[in-house]
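Asker: Protein chains in written order, with the numbering used here: chain B, 1 to 333; chain G, 1 to 287. Provided herewith is a single structure, encoded as structure tokens, for subsequent inquiry.
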């Protein structure tokens, strides 16, 4: 069952220099109990996508200019700020990259967890505290009852992210959006947090979105992956399929640019880097946005002047390119 | 050069930081051993990858070697000279031979200096060349790192992270050093840009015979770049060896735990790794 259906979402920033098309026509669905990974480099629009869903984009300068966000049968783009407040933290919750700055340093953990319960359910103080202890136990924080009285600085980075997860879980949301949840953490702590999220998703049958720049994190957590580039989805497929048969030249290049930890080619001299850098989103290239950096782009195929459609190349595998790997002809040198 | 041919020889390096407590009247209540008896060699033209998690003391080790902070004890022999015993002037002279590239190209370049001035500053400080041949040298350096020399009159904020890191590398190269300490040189960069900078560092090593101490938390980055690896935790080196040995046949359980915790871009391997990782979970807690 789809809990979230995003259709042709466009979030633009109206700045003095021009209109920045940060998110420019993206569509996807998230199923209950499944994880969608959104992967891309900085500035590709992955975080703006998440913030648009939550109604947290700064208005002005940003505005959702087109598209719909259908969440549990209602279009959130038509909601007022008041209506959104009832959804946020209750049916849809989010955790952020930096657990250092997303908790309030001047409030005890107890206050920060119970305020959610109070806001959405009007819990009495005793009930809220009891529930808060349960939540901390659920995210495996030892001595939960005692630790409720602590301030955030008494927790390590990993423990703080656990607290954030506890707050996000407080109202048993249907959808959890995790925006770079482990980027600020050490690898060993990252592994623990990813395990915890996986466990919670299964237990609560939540839909989950993991937004990350790290292909490894996606490989570990997601059922389906959408690769974003310059405000658009360029490739989308079931995770195993995407890693086995990447089609878009950008996805291929991104995987090729990753330093490898294991396998035969770790000692290979050079990494395959991608020349150039992502386009300016005020005046993106009129054709394929990856064309200026793409080794396969050429003038004959309209790569440079027509934007390719996101089209199925195999069942469930979408790609936005005229030269996906599966259709590429061996060009005589 | 030292007896065994190593360019850099570090022996039993220690750095203690005092921890102060008390309000108004501060007292040193205890010390933290950030670096706790670290020893290693780096041969000329080679790369040692120093890996560890945050707080392991890897950056402090790098700073101690360059004498950017004063080590509490231990010996650092560089080109046969004991750095810890050098006077100010001699140290200044040695500094031409050892440079550093920092993690964050956003904060390590002075925003009020042009790119050209940033790269020429080390030349001025050490009184190398006339104004005119310094300008030529700056253009040459920028060209070497793949930064358009025509932009040398512009300011750092006009460039992307990758371009800025190239400027940082050009500055480090200015005095023809033999050793460069690279402290998380690509951690702040996107994957596609990361590859460009790592390739650049490799090319420069090949062309100029540079010796690197590569400090990083990213085990995959270190793997492809390093000849030897040292794994640090809590100020100590737990394991050293060739890159292949440490990664393929790790001796220490902590190294194994660390390696299995890294997500790899292969969903099938990920499932197997998760099982290995579960088995080693206690190691992280106990080490």
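For each residue, glycine too, the CB sits at the ideal point set by N, CA and C.
#1: Taking residue 266(G) as the query, report the chain B residues whose CB atoms sit under 8 Å from its CB, ordered along the chain.
#2: Using a C-beta cutoff of 8 Å, does residue 97(B) count as contacting chain G?
#3: Using beta carbons (cut-off 8 Å, strictly below), is residue 156(B) in contact with chain G?
#4: When you compare the segment 28-39 of chain B with the segment 217-228 of chain B, are there three or more beta-carbon pairs, one atom per stretch, that lie closer than 8 Å?
#5: Using DSSP's beta-bridge definition, name the partner residues of residue 30(G).
#6: For a minimum of 4 consecutive residues, which ranges assigned as the alpha helix (DSSP H) are wholly contained in the segment 181-262 of chain B?
#7: Which chain G residues sit within Cβ distance under 9 Å of residue 216(B)?
#8: Cβ-heavy atom distance between residue 283(G) and the ligand SAH below 7 Å?
#9: When we look at the beta-carbon of residue 182(B) and count the other beta-carbons within 10 Å, is it buried (16 or more) or exposed?
#10: For residue 126(B), would you say it is in contact with chain G, using Cβ-to-Cβ distances shorter than 8 Å as the test?
#11: Quick one: list the residues of chain G neighbouring residue 253(B), beta-carbon separation under 8 Å, in chain order.
#12: Is residue 164(B) closer than 8 Å to residue 105(B) when the C-beta atoms are compared?
#13: With a CB to CB cut of under 8 Å and the five nearest residues on each side skipped, what residues in its chain are close to residue 5(G)?
#14: Residues of chain G with CB under 8 Å from residue 190(B), in chain order?
#15: Taking C-beta pairs closer than 8 Å, name the residues in chain G that residue 213(B) reaches, listed in chain order.
#16: Count the other C-beta atoms from every protein chain shown that fall within 10 angstroms of the C-beta of residue 329(B), then say buried if there are 16 or more, exposed otherwise.
#17: In chain order, what residues of the same chain have a beta carbon less than 8 Å from the beta carbon of residue 255(G), not counting five sequence neighbours either side?
#18: Fully enclosed by the segment 34-92 of chain G, which beta strand (DSSP E) runs are 3 residues long or longer?
#19: Which residues does DSSP pair with residue 99(G) in a beta bridge?
#20: Would you check if the segment 195-207 of chain G and the segment 27-34 of chain G touch, i.e. whether three or more CB-CB distances between them fall below 8 Å?
#21: Between the segment 132-143 of chain B and the segment 157-173 of chain B, do three or more beta carbon pairs fall short of 8 Å?
#22: Which bits of chain B does residue 139(G) rub up against, with CB to CB less than 8 Å?
#23: Tell me residue 131(G)'s beta-bridge partners as DSSP assigns them.
#24: Take the Cβ of residue 132(B) as the centre, count every other Cβ of all protein chains shown within 10 Å, and call the residue buried at 16 or more, exposed below.
#25: For a minimum of 3 consecutive residues, which ranges assigned as the beta strand (DSSP E) are wholly contained in the segment 66-98 of chain B?
#26: What does the Cβ neighbour count give for residue 73(G), buried or exposed, with the cut at 16 atoms within 10 Å?
#27: So with Cβ pairs under 8 Å, would you call residue 19(G) a contact of chain B?
#28: Ordered along the chain, which non-local residues of its own chain (more than five positions away) have a Cβ less than 7 Å from that of residue 204(B)?
#29: Report the neighbours of residue 280(B) on chain G: residues whose CB is nearer than 7 Å to its CB, in chain order.
#30: Tell me where the alpha helix (DSSP H) around residue 118(G) begins and ends.
#31: Which class does residue 319(B) belong to by DSSP, given the choice of helix, strand or coil?
#32: Can you tell me whether DSSP reads residue 9(G) as helix, strand or coil?
#33: Alpha helix (DSSP H) containing residue 28(B): first to last residue?
#34: Which residue's Cα is closest to the Cα of residue 64(G): 14(G), 219(G), 139(G) and 158(G)?
#35: With a threshold of 8 Å, are at least 3 pairs of Cβ atoms found where one atom belongs to the segment 70-90 of chain G and the other to the segment 121-138 of chain G?
#36: Between which two residues does the alpha helix (DSSP H) carrying residue 47(B) extend?
Answerer: Reading off the structure:
#1: 219 and 243
#2: no
#3: no
#4: yes
#5: 19(G)
#6: 187-204, 215-221, 239-244 and 249-257
#7: 220, 262, 263, 264, 265, 266 and 270
#8: The ligand SAH is not among the ligands present in this structure, which contains no ligands whatsoever.
#9: buried
#10: no
#11: 192
#12: no
#13: 43 and 44
#14: 261 and 263
#15: 190 and 191
#16: exposed
#17: 231, 238, 239 and 246
#18: 47-51 and 73-78
#19: 180(G)
#20: no
#21: yes
#22: Chain B residues near residue 139(G): none, gap ~22 Å exceeds 8 Å.
#23: In the DSSP output, where bridge partners are listed per residue, residue 131(G) has none listed.
#24: buried
#25: 92-95
#26: exposed
#27: no
#28: 172
#29: Going along chain G, no residue has its Cβ under 7 Å from residue 280(B), so there is no contact; the nearest lies around 11 Å.
#30: 115-125
#31: strand
#32: strand
#33: Not the alpha helix (DSSP H): residue 28(B) falls in the beta strand (DSSP E), residues 18-31.
#34: 14(G)
#35: no
#36: 46-54
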